[in-house]
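In what follows, a structure is listed as structure tokens, so that the remarks can point back to it.
2 protein chains.
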Amino acid sequence: MTRTILPRSSRFPILPWRKFSSLTGPRSAARAISTATRDPRTKMRTWELDEQHLSKIRVNPTRLIDELHYTCQWGTGQRWGKADSETGMSRLALSDADKLARDWFVDTTKSLGCKISVDAMGNTFAIRPGREDGPPTCAGSHLDTQPSGGRYDGILGILAGVEMLKVLSENRVETAFPVGVVNWTNEEGARFPISMVSSGVWAGEIPLDRAHGLKEVGGGSHTMKSELERIGYLGSLPASYEAMPLAAHFELHIEQGPILETEKQKIGIVKGVQAYRWYTVEVDGQEAHTGTTPFNSRADALLAAARMICTSHTAAADHGALASTGILTLSPGSVNTIPGKVTFSLDIRAPTDHILDKLEEHLKSDFDFIVSTESTHGLGLAVSWQTDSVSPAIHFHDDCISTVRASANAILGDDKLSREMVSGAGHDSVYASRRCPTSMIFVPSRNGISHNPKEYTSPEDCAIGADVLLQSVLRYDRLRFARKV
Amino acid sequence: MTRTILPRSSRFPILPWRKFSSLTGPRSAARAISTATRDPRTKMRTWELDEQHLSKIRVNPTRLIDELHYTCQWGTGQRWGKADSETGMSRLALSDADKLARDWFVDTTKSLGCKISVDAMGNTFAIRPGREDGPPTCAGSHLDTQPSGGRYDGILGILAGVEMLKVLSENRVETAFPVGVVNWTNEEGARFPISMVSSGVWAGEIPLDRAHGLKEVGGGSHTMKSELERIGYLGSLPASYEAMPLAAHFELHIEQGPILETEKQKIGIVKGVQAYRWYTVEVDGQEAHTGTTPFNSRADALLAAARMICTSHTAAADHGALASTGILTLSPGSVNTIPGKVTFSLDIRAPTDHILDKLEEHLKSDFDFIVSTESTHGLGLAVSWQTDSVSPAIHFHDDCISTVRASANAILGDDKLSREMVSGAGHDSVYASRRCPTSMIFVPSRNGISHNPKEYTSPEDCAIGADVLLQSVLRYDRLRFARKV
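As they're listed, the protein sequences go chains A and B. To convert, note that position 143 of the first sequence is 248 in the working numbering; the numbers rise steadily by one, no gaps. To convert, note that position 89 of the second sequence is 194 in the working numbering; the numbers rise steadily by one, no gaps.
Right under this line is the structure:
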């Protein structure tokens, strides 16, 4: 994903949610709510619950997981095990399967008393009214999957949001402000080739026209707009944080990595998204015959590239960062010809931009050293870098992070069972975080596998994550109430 | 090239040349020649020349290089400099351009008194009679080139042979036995995809039907046989060392490497062809997200492959061998996915089979170590080897090597200007050596470059090489005479 990054100071220029999260305010406003006429159908009000009662509001684990697998009837993918639910998913954005999953989302949330808004990108907001009007505190994620994806990436976040609405409904919980669930369109970028494109449009960072004009990959002629129209999800609401402000955004997601599983922990309290940079590195050498050219007369572009790849890992480890090469091409590509040119991708990631600055500097120097020492007899090797993508580190909002931490402690009862993390991958929460306070909740991924039919998170872990999501939304609602008073 | 290798003991089963190169024999036979009626048109007889006179028989350097460039009008390739001769060559075997070059070869050698024989593979033998009948001592190489080749690889060997015939003719030299020049078909394997295929058929190591049935690369429908017919070079002579025995084969060729140039030497006395083995190495790891997978949870097939490539070079250098990787493919090939599978070619070469045995053993152990140390958390990496080609070391015939050495000393006057070498590449001399005594003569290649339009050997170096070729053929003829007596 390539995108324009706003300077930090201008990220929240005129934000509707600010009036609700202001740290100071007249206490009289709170009093106005707490003494308002009570709706006799309401069983509990978030702002009145003590810690003990609040912590007891939990999801129904069986219903959550049954409903998750129920919705996987739309876009069922590759089978990997014998049980009914042991298949992957292949639910590309705006496909017929995606339309059916969306229809289920709309029907279910409507039946739970939500108002549905669909914007011009098909982002679908199911909002449950609170005691007061205002932007909703939302759980959000996505129902689309990779073509060879699993049942949890994105789907779990939406299903946990819907389960939250069911819990609020059956317990007749009244929130101070609206709460809701948002299904963002085409998060995967697997059908229309920009990831997180629709939260990006909502955040004002991707132009609507560009997004609408995206053609499906693989040479098809459908665009996002034509497919939104075809399946009936081209909404009349502008796709914009101004037209549909959010008070906060919480996203439950599988970790997609092995850390929680390895550390035997249950919840990742996601403080942000690591910085990453993508480069294309080109190494130019000299084609020569493998049989007739002694080592000291070679300028072997592949040997140099191999040394660079090894070095990038060592250096990244030294800096507490990651380095990866996923693409490598060479020419001319003949068994008995030494490659004259190699091009490879380099993906480096770290929790802070500063670490990446240092690592980039380190690698540029190391790669220069490699081409200088490989170079002999005037044949010469050369290396050049092209920067393809720069994504600065994202720091989620402290209020949301604290809310997730308090919720995890309330559910797990032991802070050793959770850990603070940064996300290695991008999510809709990246764009959401530019326009409203945001945090994420991670649950373990078996073997760290995702984007794969075998992606798996146990029902118990799904329920723990959904409990933390529910608690986070309720606690943030209480925070909004408290700060208003 | 993949081919069946005969066991060493059966290489020369019933060789026609043996009767001429026998080390013992009645002295009366020699006397029979030396006292035979002299042809009044003959100016000199090889067997009567003393060393001083023999060494003075030299090529005409200007005529050699002018004729070489003249023949490059057929199949002229890519221009790289301003002079008329500063282009490469693109003369694919059995093309229209190749036919014109062949016609020139036949017409020129006929006019020099040669008898022409074309065999079923289009191999063309131009034989100049000697005092006695018998298999000819031949200079041989090829007129076909790579699609993006140069003016010297193969061409120089044929042109130097033709120049030899001119020198013999204008000096009215009589040889004891026939001498000649052979143009082997499709040495490059660039149009019909087996290198040295026609010398291979002649040697009885590639079946005629397989060679005739070879289709041109790039999806064309022409076969070697149909193209031989079309251009009129499908000869009636069987393509066989039995139908057309050679007494010896000398091949002048550019080095295609940088050693002579680097060492400031003029002639390579080629003792043989190094052994080589080609493998396909497959590394299997685990696809994973580059952003969410810590180093200690990865099974990165590309990182392991990069370490193997680095190690193969270090180990080969330690063994006095070569190692090269010219092809590398990986999957799935996405910037942010760690490759789960990498396949790469490995080409190892050494002067002896024993060194390759040791190197192969060393690398298998090293690669196993690399996958075991990269492997963590039970994800595992695995490596597997497939052997694609085994070509044992070729040892040329001591008589021919000694003849080339004596010729180089006669021409250069200083044995520091020549060196014994093994060829890194395959040549028609490899197959010739299975059926008759053989050696090769190398001349410097500028920057070691070949299979490239810029391939270049100076006119002076071409002439030195042609002189050594001429001397070698004459000296071998004297050897045959001396041994017969």
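Glycine included, each C-beta is placed from N, C-alpha and C at the ideal position.
Where residue i and residue j are concerned, what is the direct C-alpha to C-alpha distance, given to the nearest angstrom?
{"i": "residue 215 (chain A)", "j": "residue 432 (chain B)", "result": "58 Å"}
{"i": "residue 347 (chain A)", "j": "residue 539 (chain A)", "result": "12 Å"}
{"i": "residue 277 (chain A)", "j": "residue 166 (chain A)", "result": "19 Å"}
{"i": "residue 570 (chain A)", "j": "residue 151 (chain A)", "result": "20 Å"}
{"i": "residue 582 (chain A)", "j": "residue 526 (chain A)", "result": "24 Å"}
{"i": "residue 279 (chain B)", "j": "residue 580 (chain B)", "result": "13 Å"}
{"i": "residue 249 (chain A)", "j": "residue 381 (chain A)", "result": "24 Å"}
{"i": "residue 589 (chain A)", "j": "residue 509 (chain A)", "result": "20 Å"}
{"i": "residue 395 (chain A)", "j": "residue 288 (chain B)", "result": "26 Å"}
{"i": "residue 185 (chain A)", "j": "residue 366 (chain A)", "result": "21 Å"}
{"i": "residue 268 (chain A)", "j": "residue 220 (chain A)", "result": "16 Å"}
{"i": "residue 496 (chain A)", "j": "residue 329 (chain B)", "result": "57 Å"}
{"i": "residue 370 (chain A)", "j": "residue 551 (chain A)", "result": "12 Å"}
{"i": "residue 301 (chain A)", "j": "residue 414 (chain B)", "result": "38 Å"}
{"i": "residue 481 (chain A)", "j": "residue 521 (chain A)", "result": "Note that residue 481 (chain A) scores 44 on pLDDT, short of 50, meaning its location in the model is unreliable and no value can be drawn from it."}
{"i": "residue 308 (chain B)", "j": "residue 223 (chain B)", "result": "15 Å"}
{"i": "residue 253 (chain B)", "j": "residue 477 (chain A)", "result": "30 Å"}
{"i": "residue 194 (chain A)", "j": "residue 201 (chain A)", "result": "14 Å"}
{"i": "residue 412 (chain A)", "j": "residue 412 (chain B)", "result": "8 Å"}
{"i": "residue 137 (chain A)", "j": "residue 154 (chain A)", "result": "Note that residue 137 (chain A) scores a pLDDT of 41, beneath 50, so its modelled location is shaky; the value from the coordinates is reported in the next line. Roughly 17 Å separates the two Cα atoms."}
Answer yes or no: do residue i and residue j have a C-beta to C-beta separation smaller than 8 Å?
{"i": "residue 451 (chain A)", "j": "residue 407 (chain A)", "result": "no"}
{"i": "residue 310 (chain B)", "j": "residue 251 (chain B)", "result": "no"}
{"i": "residue 99 (chain A)", "j": "residue 284 (chain A)", "result": "For residue 99 (chain A) there is no data in the structure shown, the boundaries of chain A being 106 and 590."}
{"i": "residue 209 (chain A)", "j": "residue 181 (chain A)", "result": "no"}
{"i": "residue 537 (chain B)", "j": "residue 354 (chain B)", "result": "yes"}
{"i": "residue 199 (chain A)", "j": "residue 245 (chain A)", "result": "no"}
{"i": "residue 282 (chain B)", "j": "residue 242 (chain B)", "result": "yes"}
{"i": "residue 523 (chain B)", "j": "residue 374 (chain B)", "result": "yes"}
{"i": "residue 263 (chain A)", "j": "residue 548 (chain A)", "result": "no"}
{"i": "residue 575 (chain A)", "j": "residue 170 (chain A)", "result": "no"}
{"i": "residue 416 (chain A)", "j": "residue 471 (chain A)", "result": "yes"}
Return the first residue and the last residue of the beta strand (DSSP E) that residue i is part of.
{"i": "residue 452 (chain B)", "result": "446-455"}
{"i": "residue 373 (chain B)", "result": "372-378"}
{"i": "residue 525 (chain A)", "result": "523-528"}
{"i": "residue 164 (chain B)", "result": "Where residue 164 (chain B) is concerned, there is no enclosing beta strand (DSSP E), given that its DSSP letter is neither H nor E."}
{"i": "residue 354 (chain A)", "result": "353-359"}
{"i": "residue 220 (chain A)", "result": "220-223"}
{"i": "residue 342 (chain B)", "result": "Taken as a continuous stretch (DSSP letters only), residue 342 (chain B) belongs to no beta strand (DSSP E), as it is neither H nor E."}
How far does the alpha helix (DSSP H) with residue i in it extend, from its first residue to its last?
{"i": "residue 584 (chain B)", "result": "564-589"}
{"i": "residue 201 (chain B)", "result": "201-216"}
{"i": "residue 333 (chain A)", "result": "329-336"}
{"i": "residue 412 (chain B)", "result": "406-424"}
{"i": "residue 307 (chain A)", "result": "302-307"}
{"i": "residue 508 (chain A)", "result": "503-517"}
For residue i, which option in the options has the closest C-alpha, if you only look at C-alpha atoms?
{"i": "residue 147 (chain A)", "options": "A:209, A:235, A:412 and A:575", "result": "A:235"}
{"i": "residue 217 (chain B)", "options": "B:207, B:224, B:205 and B:232", "result": "B:232"}
{"i": "residue 168 (chain B)", "options": "B:515, B:565, B:194 and B:496", "result": "B:565"}
{"i": "residue 501 (chain B)", "options": "B:545, B:516 and B:359", "result": "B:545"}
{"i": "residue 410 (chain A)", "options": "A:473, A:496 and A:261", "result": "A:473"}
{"i": "residue 377 (chain B)", "options": "B:198, B:227 and B:532", "result": "B:532"}
{"i": "residue 173 (chain A)", "options": "A:429, A:555, A:261 and A:160", "result": "A:261"}
{"i": "residue 543 (chain A)", "options": "A:351, A:149 and A:553", "result": "A:351"}
{"i": "residue 323 (chain A)", "options": "A:334, A:507 and A:296", "result": "A:296"}
{"i": "residue 157 (chain A)", "options": "A:561, A:535 and A:518", "result": "A:518"}
{"i": "residue 445 (chain B)", "options": "B:225, B:389 and B:342", "result": "B:389"}
{"i": "residue 439 (chain A)", "options": "A:392, A:426 and A:465", "result": "A:392"}
Using a C-beta cutoff of 8 Å, does residue i count as contacting chain D?
{"i": "residue 379 (chain A)", "result": "Protein chains A and B are contained in the structure displayed, whereas chain D is not."}
task: Anything in the segment 341-354 of chain B with a Cβ closer than 9 Å to a Cβ of chain A? List those residues in chain order, please.
output: Nothing from the segment 341-354 of chain B brings a Cβ to less than 9 Å from some Cβ of chain A.
- request: Give, in chain order, every residue of the segment 531-556 of chain A whose Cβ lies closer than 9 Å to some Cβ of chain B.
  value: The segment 531-556 of chain A vs chain B, Cβ under 9 Å: 531, 550, 552, 553, 554, 555 and 556.
task: Compile a chain-ordered list of the residues in the segment 430-460 of chain B whose CB is closer than 7 Å to at least one CB of chain A.
output: Residues are counted here when their Cβ sits less than 7 Å from a Cβ of chain A; for the segment 430-460 of chain B these are 430, 431, 432, 433, 435, 438, 439, 440, 441, 442, 443, 444, 450, 452 and 454, given in chain order.
- request: Below 8 Å between beta carbons is the criterion; list the residues of the segment 357-384 of chain A that meet it against any residue of chain B, in chain order.
  value: Going along the segment 357-384 of chain A in chain order, one finds 360, 361, 362, 363, 364, 367, 379, 381 and 383 with a Cβ nearer than 8 Å to chain B.
Where the segment 394-414 of chain A meets chain B: residues whose CB sits under 7 Å from a CB there: Listed by position along the chain: 394, 395, 396, 397, 398, 399, 400, 402, 407, 408, 411, 412 and 414.
field: Near-chain B residues of the segment 498-530 of chain A - C-beta to any C-beta below 7 Å
entry: Listed in sequence order: 529 and 530.
query: When Cβ atoms are compared, which residues of the segment 418-429 of chain A fall closer than 9 Å to chain B?
result: Listed in sequence order: 418, 421, 422, 427, 428 and 429.
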